Amino acid sequence: MRRRLLATTFLAVAALHQAAPARTVSAAPPAPATPVAARPNILVIVADDLGYSDIGAFGGEIRTPNLDALAKRGLRLTGFHSAPTCSPTRSMLLSGTDNHLAGLGNMAEMLAPNQVGQRGYEGYLPADIVTLADRLRDLGYATMMSGKWHLGVRAEDSPARHGFDQSFDLAQGGGNHFGTDLSQKPGDGGTTYWENGTRLSQLPAGFYSSDTYAAKLIDQLGRADRGKPFFAYLTFTAPHWPLQAPAEDIARYRGRYDAGFEALRAERLARQKKLGLIPADVAAHMLELPGGGTWASLSAEQKREQSRRMEVYAAMVDRMDQNVGRVIDYLKRTGQYDNTIILFTADNGAEGADLAKLEIPAFQERVKTADNRLDNIGRATSYAWYGPGWAQAATAPSWLYKGYTTEGGTRVAAFIDWPGSPRTGVSHAYGTVMDIVPTLVEAAGGDWRGNQYAGRAVQPVRGLSWLPYLTGAAERIHTPEETVGSELFGRRAIRQGDWKAVHLGDRWRLFNLANDPGETRDLAAAEPERLRQLTAAWDVYGKDVGVVMPSTPSRYP
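Residue numbers (mature numbering (1 follows the signal peptide of the UniProt record, and there is no 0)): -27 to -1, 1 to 530.
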């Protein structure tokens, strides 16, 4: 039933895309090309610091039946890429342009001295950015969001000022999942929550992040005008640190990870191969652990603590999935599910940093005062993370994790469930988070092209629509000739087709991802001319988007 209902809309939008002439300037918000009632609802779900292979549909052992069902019915995007960390990704997702043009050239918390006050490093979405919510609201959509925002902490930066009719949001990048660190006064280091542009002085009773975010979104859907299609943006803070989850969910995983991160990594790689997500002969990048440590090198006490941290992490992913199920059940009960496109993505690779080295005073104070005894890890009074061993089990076969421009930091689990599309199953096509705006605006019957919007100059969308690919009219989303650059914390990368050059602060490396997705074989010496072309392309990119290379090493560990 759902495929039949949305197939007509899909084919109509596809025909519009194929017939539309190329445009470089749009003087006003585009008028909807199809009647409001005929256009699909849109639900975008973002997980925070989720590992590539955490959910079952991507090779994981964690219980995620709701996400798995959606992913398996839709199209799993194994070549989908984000920025290396959360707020830059979110700026790109909502704007369709590069993070350096969307105000998040660096995370606001991590600015180098020479980046402070620079264009593109505001720490919030500047005035020349039109968000996905702005565009969809102008196309007649009811717009709403619930969860993590991380695109500015002031009232003027809130979702209510960026196209969302309804919003419940955490302004910062993370916080206690049970809500015990809510700010009571400016400057106290606490978290800030807003609801419809009003700062909250208390959180709902029984607050737990994933539960409350889903409940708030369901409430917003109930309040929305049913005569309009909706755009809902559900942004979990799970499984971002601190690792905290309800006790019943933690108990489900007790003892599951006692074999260690190397064993888990091998299990997940085997399942990814079986699912067709990676080649059977893939060379996985070797683990990179502080001091070259292994699971066997840990003491019995260290193993128990590491296992517990992973148990809590798994519980957080499990609980997030339960809440995705609550939202899907609501859409089904209210007759809206059959006309809803669902897009899911993580915001970056798994978190593998040694956060004990994170030089943020408020963070260090919370760690200092936390109760991280074994039996307390996962409760509201704990403050723990899980480290590079588990992170690299989740990002394998890729290299490294969050914070890096390697595949491990930017290749993320994503899928789109758009019934009516001829493409389902598994896609290995390269895609970027910047593609979400053009794809979904076209799904709504709108036009995303141009550098003018409603009579003002705006940053044009740099991503590409997936429509030609989803209809089968194209075999790629991005052409082999196109270059896509990135930078964060001074770590750089540039990609052209299957070739990628990476610079992590020491030298440029070169990889062919078609036969080496794990970035295990540096071809810089063997292909000097190709490397020269790619590094020259990065220089053009850096100038084009206004990269300001940091004057000091990043505080991000």
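Heads up, the beta-carbon is just placed ideally off N, CA and C, and yes, glycines get one too.
Source: prediction; values computed, not measured.
> Per DSSP, what kind of secondary structure is residue -2 in: helix, strand or coil?
Replying inline: Legend: pLDDT at residue -2 = 46, less than 50; position of this residue unreliable, value from coordinates given subsequently. DSSP places residue -2 in coil when its eight states are reduced to three.
Nearest-angstrom Cα distance between residue 474 and residue 502? 12 Å
Specify the secondary structure class of residue 156 as computed by DSSP and reduced to three states.
-> coil
- Item | residue 488 classed as buried or exposed, judged by whether at least 16 other C-beta atoms fall within 10 angstroms | exposed
Rounded to the nearest angstrom, how far is the Cβ of residue 52 from that of residue 400, given a contact under 8 Å?
7 Å
Beta-carbon proximity of residue 372 to residue 258, cut-off 9 Å:
Their beta carbons are under 9 Å apart, which means residue 372 touches residue 258 by this criterion.
Report yes if the CB atom of residue 386 is closer than 9 Å to the CB atom of residue 28, and no otherwise. Contact annotation: residue 386 and residue 28 have beta-carbon atoms nearer than 9 Å.
- [ ] Identify which residue in 78, 71, 134 and 521 has its Cα closest to the Cα of residue 100.
- [x] Nearest Cα to residue 100 within the set 78, 71, 134 and 521: 134.
By a C-beta neighbour count over all protein chains shown, 10 Å radius and 16 as the cutoff for buried, is residue 121 buried or exposed? buried
Here's a check: name, in chain order, each residue in its chain whose Cβ is nearer than 6 Å to the Cβ of residue 235, leaving out the five neighbours to either side. 268
Taking contact to mean 3 or more Cβ pairs, one atom from each stretch, closer than 8 Å, check whether the segment 227 to 247 and the segment 335 to 344 are in contact. no
- Entirely enclosed beta strand (DSSP E) segments - the segment 146 to 221, minimum 3 residues: Counting only runs of at least 3 residues, the segment 146 to 221 fully encloses the following beta strand (DSSP E) elements, listed from N- to C-terminal order: 166 to 168 and 203 to 208.
- Please name the residue in 117, 82, 204 and 319 whose C-alpha comes closest to that of residue 334. The shortest C-alpha separation from residue 334 is found at 82.
Taking C-alpha atoms, which residue in 75, 137 and 183 lies nearest to residue 197? 137
Review point. The alpha helix (DSSP H) spanning residue 511 covers which residue range?
Key: Following the DSSP letters along the chain, one finds residue 511 inside the alpha helix (DSSP H) bounded by residues 501 to 518.
message: Just to confirm the assignment: which complete alpha helix (DSSP H) runs, minimum length 4, are found wholly within the segment 25 to 103?
response: 38 to 46 and 59 to 68
Let me check understanding here. Comparing Cα to Cα, which of 440, 450 and 20 lies closest to residue 403? 450
Quick check for students: name the residue ranges of the beta strand (DSSP E) that lie wholly in the segment 441 to 484, counting only runs of 3 or more. Counting only runs of 3 or more, we get 456 to 461, 464 to 469 and 472 to 476.
Note to self: Under 8 Å: do the segment 304 to 323 and the segment 56 to 70 share three or more Cβ pairs, one atom per stretch?
What the structure shows: With the cut-off at 8 Å, the segment 304 to 323 and the segment 56 to 70 touch.
Give the secondary structure of residue 315 by DSSP, where H, G and I count as helix, E and B as strand, and everything else as coil. strand
Query - Residue nearest to residue 35 in terms of C-alpha spacing, selected from 252, 292 and 472 - result: 292
Checklist entry - Helix, strand or coil: how does DSSP classify residue 425 here? => result Strand.
For a test of the three-state rule: what should DSSP assign to residue -9, helix, strand or coil? Interpretation of residue -9 is limited by its pLDDT of 47, a score under 50 that renders its predicted location unreliable; the figure taken from the coordinates is listed afterwards. If DSSP states are grouped into helix, strand and coil, residue -9 belongs with the helices.
Of the residues 110, 106, 73 and 499, the one placed nearest residue 93, counting alpha carbons only: 73
Note to self: Is residue 439 close to chain C? Criterion is C-beta to C-beta, closer than 9 Å.
What the structure shows: Absent here is chain C; the protein component of the structure consists of one chain.
Exposed unless 16 or more other CB atoms sit within 10 angstroms - verdict on residue -4: At residue -4, the pLDDT of 37 sits below 50, so the modelled position is not reliable and the matter cannot be decided from this model.
Any idea if residue 297 is buried or exposed, counting beta-carbon neighbours within 10 angstroms, 16 or more meaning buried?
-> buried
Could you check which residue in 375, 217 and 390 has the C-alpha nearest to that of residue 384?
375
Less than 6 Å between C-beta atoms, sequence neighbours within five positions excluded: which residues of the same chain meet that for residue 349? 355
- Query: For residue 254 versus residue 147, is the C-beta distance shorter than 9 Å?
  - Reply: no
- Message: Just to confirm, is the Cβ distance from residue 173 to residue 167 under 9 Å?
- Response: yes
Check this for me: beta carbons of residue 181 and residue 141, under 9 Å apart or not?
no
task: Could you check which residue in 119, 246 and 132 has the C-alpha nearest to that of residue 98?
output: Of the candidates 119, 246 and 132, the one whose C-alpha sits nearest the C-alpha of residue 98 is 132.
Open item on the list: If I measure Cβ to Cβ from residue 104 and keep anything under 8 Å in the same chain, skipping five residues before and after, which residues do I get?
Closed with: 67, 68, 98, 135 and 136
Just how far apart, CA to CA, sit residue 366 and residue 11? Approximately 44 Å between the Cα atoms of the pair.
* Asked: By DSSP, does residue 239 sit in helix, in strand, or in coil?
  -> helix
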